[in-house]
Amino acid sequence: MESPRLSDTGTPGEPYSPVGVDTPATQSSVLFDGNLEELLRNFPLDQYILVTGGLGFIGSHTTLELLKANYNVVVIDDLSNSFREVLDRISLLASKHHELQGTKMPELHLHAHDFRDTVALKSLLEQYQVESRWGTSKSKISGVIHFAAYKAVEESIRSPLKYYANNVSGLIDFASTLGDFGIKTFIFSSSATVYGTLATSGLPLREELCVHKQEAFHDDDGSERAIQSGCTGITNPYGRTKWMCEAILADLAASDPEWTIVALRYFNPIGCDESGLLGEDPRQVPTNLLPVVVKVMTGQYSELQMFGTDWETADGTAVRDFIHVTDLARGHIAALSTANEGKLVENFRTFNLGTGRGHSVMEVVDTMERVSSKRIPTKASSRRAGDVGSCVAVASRSQAELQWRTEKTLTDACVNLCSFLEISGLSS
Ligand code: WQD
Numbered sequence: 001m002e003s004p005r006l007s008d009t010g011t012p013g014e015p016y017s018p019v020g021v022d023t024p025a026t027q028s029s030v031l032f033d034g035n036l037e038e039l040l041r042n043f044p045l046d047q048y049i050l051v052t053g054g055l056g057f058i059g060s061h062t063t064l065e066l067l068k069a070n071y072n073v074v075v076i077d078d079l080s081n082s083f084r085e086v087l088d089r090i091s092l093l094a095s096k097h098h099e100l101q102g103t104k105m106p107e108l109h110l111h112a113h114d115f116r117d118t119v120a121l122k123s124l125l126e127q128y129q130v131e132s133r134w135g136t137s138k139s140k141i142s143g144v145i146h147f148a149a150y151k152a153v154e155e156s157i158r159s160p161l162k163y164y165a166n167n168v169s170g171l172i173d174f175a176s177t178l179g180d181f182g183i184k185t186f187i188f189s190s191s192a193t194v195y196g197t198l199a200t201s202g203l204p205l206r207e208e209l210c211v212h213k214q215e216a217f218h219d220d221d222g223s224e225r226a227i228q229s230g231c232t233g234i235t236n237p238y239g240r241t242k243w244m245c246e247a248i249l250a251d252l253a254a255s256d257p258e259w260t261i262v263a264l265r266y267f268n269p270i271g272c273d274e275s276g277l278l279g280e281d282p283r284q285v286p287t288n289l290l291p292v293v294v295k296v297m298t299g300q301y302s303e304l305q306m307f308g309t310d311w312e313t314a315d316g317t318a319v320r321d322f323i324h325v326t327d328l329a330r331g332h333i334a335a336l337s338t339a340n341e342g343k344l345v346e347n348f349r350t351f352n353l354g355t356g357r358g359h360s361v362m363e364v365v366d367t368m369e370r371v372s373s374k375r376i377p378t379k380a381s382s383r384r385a386g387d388v389g390s391c392v393a394v395a396s397r398s399q400a401e402l403q404w405r406t407e408k409t410l411t412d413a414c415v416n417l418c419s420f421l422e423i424s425g426l427s428s
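The end of the sequence shown is residue 428 by the UniProt record's numbering, with every number in the run present.
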């Protein structure tokens with residue numbers, strides 16, 4: 001199906017007008033003989049979710065899942081590490097979903113600027129302000145998911161100030177402006193790197209191991225443990241920016257109960273949407289494992305360097321908790337609805353988004369070779385600065401409090417990546 005050319009409108013209320021393609025949005029009748037549930041299903045609430053970095057790897061998958069869940073979405077993305085055509089692909093996939101469901105395609109808007117451009121941000125937020133009957137103004141933006149950040153561990157070691165300026169100062173100004181507009185439901189893209197060297201302590205990585213106020217929790221053997229706020233042995237500036245942002249947001253929530261803030265600690269997102277249309281295609285040189293494996297599979301790289309084969313793991317290569325990006329995206333939907341329904345245990349809450357199961361680098365290579373029937377040349381190399389030997393989630397809190405759990409496997413992720421390579425014509 002030819003992807004329709006789509007205008008990226010910046011004006012709310014003017015939903016996508018795909019050029020030359022009819023969609024349920026233009027077909028749907030306003031005469032409903034259905035019940036309220038059907039009405040709500042077909043008419044997304046006049047609420048919008050603001051997504052920064054919404055065209056990036058995780059952002060694009062989350063934007064797609066939001067649209068499929070009937071949310072209107074406003075994306076801010078400066079295209080520094082993404083491509084505008086991703087917007088068309090998201091809209092195509094979401095439109096197909098709603099066509100099959102017989103439901104109305106929500107609105108999707110792109111504002112292609114840096115989230116740190118406060119003038120542009122304020123202009124955007126003004127467009128979504130409405131005057132209430134009592135003369136107070138209220139935003140139609142009912143929640144924000146903040147992905148926009150630099151995320152390359154090694155680059156953060158070389159250029160720390162760039163990371164602190166964008167990830168930390170950027171967050172402070174962004175949250176301040178949102179607060180000025182009364183937008184106070186905030187989902188923050190955090191990372192398992194906040195656990196630092198605790199990752200290799202052998203302790204199960206529970207959220208309680210990295211807190212921002214003194215807390216007590218019960219160990220698996222039932223004994224009560226007091227944990228002080230702070231972090232332990234974060235190994236790189238990137239991880240420190242994530243921890244600092246969490247601490248800042250925790251303080252903000254403590255200062256103003258109107259804020260509802262969730263920090264989602266990603267483990268290792270991999271794979272792509274099953275359609276194969278949203279594969280990870282960063283502008284910048286990839287450093288994460290699967291994008292590098294893809295480069296080897298397409299012949300752009302001659303081999304995969306395995307950073308460290310002497311880790312204290314079963315096969316000597318590092319172990320990570322690889323979570324399918326679609327599961328990760330759906331974790332954001334679960335966090336958003338839990339926050340908006342007022343069901344969070346406290347108004348600042350952290351959640352691990354992981355599978356709870358580890359796989360080694362070697363296992364990833366073996367799985368991809370099995371799924372693709374391609375050999376992936378590897379070379380044992382020295383450890384990479386900032387790496388840890390193992391990092392695997394305890395996923396029980398997000399299962400219990402967000403009613404969310406992962407459903408896809410490492411094999412699913414590899415199968416979906418192969419589809420992406422086929423469709424993109426990249427598979428040699
Ligand atoms: C995974 C394993 C590497 C590339 C990073 C960042 C952060 C976080 C997750 C969001 C490691 C090994 C990698 C290669 C290799 N995302 N590897 N050869 O470092 O666990 O975490 O991504 O917060 O971006 O913390 O992920 O994919 O870079 O590495 O051997 O060419 O694969 O040494 O053991 P990492 P990664």
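Every residue gets a Cβ at the ideal spot worked out from N, C-alpha and C, and that includes glycine.
- Query: Enumerated in chain order, which unbroken segments of the alpha helix (DSSP H) with a length of 4 residues or greater are wholly contained in the stretch 267-328?
  - Reply: 289-297
- Kindly indicate which three-state DSSP category alanine 380 falls into: helix, strand or coil? DSSP places alanine 380 in strand when its eight states are reduced to three.
- Message: With distance defined between alpha-carbon atoms, name the residue in Gly170, Pro204, Gly279 nearest to phenylalanine 188.
- Response: Gly170
- Message: Taking the alpha helix (DSSP H) that isoleucine 227 belongs to, which residues open and close that run?
- Response: First-last for isoleucine 227: 224-227, but that is the beta strand (DSSP E), not the alpha helix (DSSP H).
- Task: Within the stretch 37-112, note down every full alpha helix (DSSP H) run reaching 4 residues or more, in order along the chain.
- Result: 57-68, 85-101
- Task: Check whether the stretch 138-146 touches the stretch 267-275, counting contact only when three or more Cβ pairs, one atom from each stretch, lie closer than 8 Å.
- Result: These segments do not touch.
- Message: Please report the distance separating the alpha-carbon of lysine 408 from that of isoleucine 323.
- Response: 8 Å
- Task: Tell me, to the nearest whole angstrom, how far the beta carbon of leucine 336 is from that of isoleucine 49; I am working on the premise that it is less than 8 Å.
- Result: That belief holds up - the Cβ atoms of leucine 336 and isoleucine 49 are roughly 7 Å apart, short of 8 Å.
- Query: How should serine 223 be labelled, buried or exposed, when 16 other C-beta atoms within 10 angstroms of its C-beta is the threshold for buried?
  - Reply: exposed
- Message: Let me check you understand the geometry: is the CB of serine 159 closer than 7 Å to at least one non-hydrogen atom of the ligand NAP?
- Response: The model on display carries the ligand WQD but not the ligand NAP.
- Query: Do three or more CB pairs link the stretch 254-265 to the stretch 184-204 at distances below 8 Å?
  - Reply: yes
- Query: At what residues does the alpha helix (DSSP H) containing lysine 162 begin and finish?
  - Reply: 160-163
- Closer than 7 Å: arginine 384 CB and nearest the ligand WQD heavy atom: yes
- Could you check if aspartate 22 is buried or exposed, using at least 16 other CB atoms within 10 Å of its CB as the buried criterion? In this prediction, aspartate 22 scores a pLDDT of 35, lower than 50, which makes its location untrustworthy; the coordinate-derived value is nonetheless stated afterwards. Exposed, since its Cβ has fewer than 16 Cβ neighbours within 10 Å.
- Going by CA-CA distance only, name the one from Lys96, Thr235, Ala152, Ile76 that's closest to lysine 122. Ile76
- Per-residue burial, proline 106 [other beta carbons within 10 Å of its own, 16 or more giving buried]: buried
- Pairwise C-alpha distance: serine 190 and leucine 110: 23 Å
- Go ahead and pull the three-state DSSP assignment for alanine 395. Note: alanine 395 maps to coil in three-state DSSP.
- What did DSSP end up calling glutamine 127 once you bin it into helix, strand or coil? helix
- Rounded C-alpha distance that separates glutamate 99 from isoleucine 423: 22 Å
- Message: Do isoleucine 333 and leucine 64 have their beta-carbon atoms positioned less than 8 Å apart in this structure?
- Response: no
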